[in-house]
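Those protein sequences? They're chains A and B, same order as listed.
First residue of the first sequence: 4, per the working numbering; consecutive thereafter.
First residue of the second sequence: 2, per the working numbering; consecutive thereafter.
Cβ coordinates follow ideal geometry from the N, Cα and C atoms, glycine included.
Everything on this sheet refers to the single structure shown next.
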Amino acid sequence: MRGLIESWFYRLPEDERDLPIVEVDGVILTPRQVYEEVIRGTELGEKAQKVIERLRSPMTLSYEDTEMLRKVALERAKKKLASLPPGVKIGTLSGDVLTPEEFLQRARDYIIDYEVKKILSLVRW
Amino acid sequence: MRVMFLETETPEELQYGSCLAKRREYGIHVRDPYPETARSAIEQYNPDVIWWIGHGSPEVTTLRDKRVFVSTRTPEDVIKRLFGGRVVVAVSCYTARELGPYVAKYAFAYFGARDAYYFIITPAGPCPQTTVSGVRYEVLYNASVCAFEPTLVLVDALHGGYHPVDAYKVCREKFEEYMQYFNSLTPVSDYEKSLKNLALYILHIDYNIWVMIQGQGRPQVRLVEPLTVLPAVFSFGMMLSAFAYPKTEKGG
Chain A
4 MRGLIESWFY RLPEDERDLP IVEVDGVILT PRQVYEEVIR GTELGEKAQK VIERLRSPMT
64 LSYEDTEMLR KVALERAKKK LASLPPGVKI GTLSGDVLTP EEFLQRARDY IIDYEVKKIL
124 SLVRW
Chain B
2 MRVMFLETET PEELQYGSCL AKRREYGIHV RDPYPETARS AIEQYNPDVI WWIGHGSPEV
62 TTLRDKRVFV STRTPEDVIK RLFGGRVVVA VSCYTARELG PYVAKYAFAY FGARDAYYFI
122 ITPAGPCPQT TVSGVRYEVL YNASVCAFEP TLVLVDALHG GYHPVDAYKV CREKFEEYMQ
182 YFNSLTPVSD YEKSLKNLAL YILHIDYNIW VMIQGQGRPQ VRLVEPLTVL PAVFSFGMML
242 SAFAYPKTEK GG
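So this is what it looks like as structure tokens:
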């Protein structure tokens with residue numbers, strides 16, 4: 004089982020290894036953290052591995068997993084937009100000029116949709 | 002095909018789209034028009050395709066200084082005179098919800114957004130000539146134009162004689178080309194990494210909300226038959242969603 008997580012981790016694109024991927028016991032973990040916890044043989048690592056195995060299956064997602072993925076998706080988006088060059092904003096053609104934080108709030112559903120698909124493709128990588 | 006660009010520049014953020022229209026070396030370019038200027042230009046030059054950029058809502062689209070160009074309250078005879086038989090490309094938020102179907106009663110086709118249309122504003126300004134620290138020029142340029150260039154590639158295709166259905170396909174391919182560009186980009190800085198991610202979010206949204214509404218108006222000029230056949234479910238007046246774009250082809 005440890006070997007599975009190890010090979011999965013090393014198959015992932017490098018820029019994805021430090022972005023949030025799952026939440027376990029209220030802790031949001033990146034692939035690198037999952038890998039490290041599994042290597043250390045911790046309970047958190049074992050639980051994280053189970054979550055990833057569950058998400059890898061093509062079965063329908065449970066309500067709890069869907070909610071967890073939505074939360075992780077937003078965290079990913081916050082992290083991804085955290086280093087925009089100063090002065091970059093987001094315009095809309097209804098007359099708004101938004102900060103990245105306002106954009107994340109306003110376009111939340113579209114961004115979550117994008118990131119949940121991305122997470123599922125990564126756990127199945 | 003006679004094309005008219007209504008290149009709204011006020012408020013200034015609209016220049017992120019109009020700067021790209023200005024680069025087209027064909028068509029009639031009406032610079033920063035008030036609604037009355039736009040209306041008289043349409044009546045004078047009788048274009049087959051009208052592209053504009055302006056702020057909007059489900060019922061209204063505006064031009065210079067956010068002055069109302071047309072709305073669902075505009076009398077039908079005015080809509081018919083302005084857009085009858087024409088292809089309308091309205092780069093404006095939300096109009097595909099209510100205004101689009103109203104205009105499409107007379108237009109040949111209506112292109113517009115069914116939700117908020119997003120774009121990136123940078124300190125280097127519209128169609129940037131300079132860059133910002135930590136970001137390569139090409140990356141900044143593509144981030145600045147990627148929301149609007151597909152709408153103009155659509156007009157290029159219409160100008161080249163494409164049927165609106167096929168022009169829409171070309172437009173979607175341009176969105177996909179930008180997505181591929183940003184997806185395959187290897188950032189050289191954290192600034193570039195975040196800008197890449199922002200561009201991918203914006204492309205994801207705009208790609209999914211930019212729709213074509215088949216109009217009931219007859220085209221003013223004879224158009225070639227579409228290469229792409231619409232499924233029967235998409236009859237006149239029905240909206241083509243991004244997800245349901247037809248895939249079947251009739252062949253040459």
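Following the DSSP letters along the chain, one finds His-30 (chain B) inside the beta strand (DSSP E) bounded by residues 29-32. Neighbourhood of Ala-85 (chain A) in chain B, by CB distance below 7 Å: Ser-195, in chain order. Apart from the 5 residues on each side of it in sequence, Lys-81 (chain B) sits with its Cβ closer than 7 Å to the Cβ of Tyr-107 in its chain, given in chain order.
The beta carbon of Cys-20 (chain B) sits no closer than 9 Å to any beta carbon of chain A. Scanning the stretch 84-115 of chain B from its first residue to its last, the whole beta strand (DSSP E) runs of 3-plus residues come out as 88-92 and 110-114.
Residues are counted here when their Cβ sits less than 7 Å from a Cβ of chain B; for the stretch 48-73 of chain A the count is zero. Taking 8 Å as the upper bound for CB-CB distance, Tyr-46 (chain B) and Met-2 (chain B) are not in contact here, some 12 Å apart.
Sequence-distant Cβ neighbours of Leu-199 (chain B) in its own chain, meaning closer than 8 Å and more than five residues away, are Ile-121 and Ala-144. The alpha helix (DSSP H) runs lying completely inside the stretch 88-124 of chain A and spanning 4 residues or more are 103-109, given in chain order. In this structure, the alpha-carbon of Val-61 (chain B) lies about 19 Å from that of Arg-87 (chain B).
Contact annotation: the stretch 82-93 of chain A touches the stretch 110-128 of chain B, with at least three C-beta pairs closer than 8 Å. Here Ile-203 (chain B) carries a helix assignment [DSSP, helix/strand/coil]. Nearest Cα to Asp-207 (chain B) within the set B:Arg-219, B:Leu-186, B:Thr-187 and B:Lys-175: B:Lys-175. Spanning the alpha carbons of Leu-21 (chain B) and Cys-128 (chain B) requires a straight line of approximately 7 Å.
Residues Glu-40 and Val-41 of the same chain have their beta carbon placed closer than 6 Å to that of Gly-48 (chain A), with the five preceding and five following residues left out of the count. Residue state for Gln-130 (chain B) is assigned as coil, using DSSP reduced to three classes. No Cβ of chain B is located within less than 9 Å of the beta carbon of Ala-76 (chain A). Taking a beta-carbon distance threshold of 9 Å, Arg-35 (chain A) does not count as an interface residue toward chain B. Contact annotation, Ala-39 (chain B) with Leu-64 (chain B): C-beta distance approximately 6 Å; criterion of less than 8 Å satisfied.
Less than 9 Å divides the Cβ of Val-154 (chain B) from the Cβ of Val-171 (chain B). Residue burial annotation: Met-213 (chain B) is buried, with at least 16 other C-beta atoms found within 10 angstroms of its C-beta. Listed along chain B, the residues sitting closer than 7 Å to Tyr-117 (chain A) by beta-carbon distance are Tyr-202 and His-205.
Only exposed fits Ser-134 (chain B), as fewer than 16 other CB atoms lie within 10 angstroms of its CB.
Proximity of Ala-105 (chain B) to chain A, defined by a Cβ-Cβ separation below 9 Å, is not satisfied. Between the alpha carbons of Lys-83 (chain A) and Pro-16 (chain A) lies a gap of roughly 15 Å. Rounded to whole angstroms, Glu-118 (chain A) and Ala-80 (chain A) show a C-alpha spacing of 8 Å.
Residue contact check for Ser-134 (chain B) against chain A: a CB pair falls below 9 Å. The Cβ of Ser-97 (chain A) sits closer than 9 Å to at least one Cβ of chain B. With fewer than 16 other CB atoms across the displayed protein chains lying within 10 angstroms of its CB, Pro-61 (chain A) is exposed.
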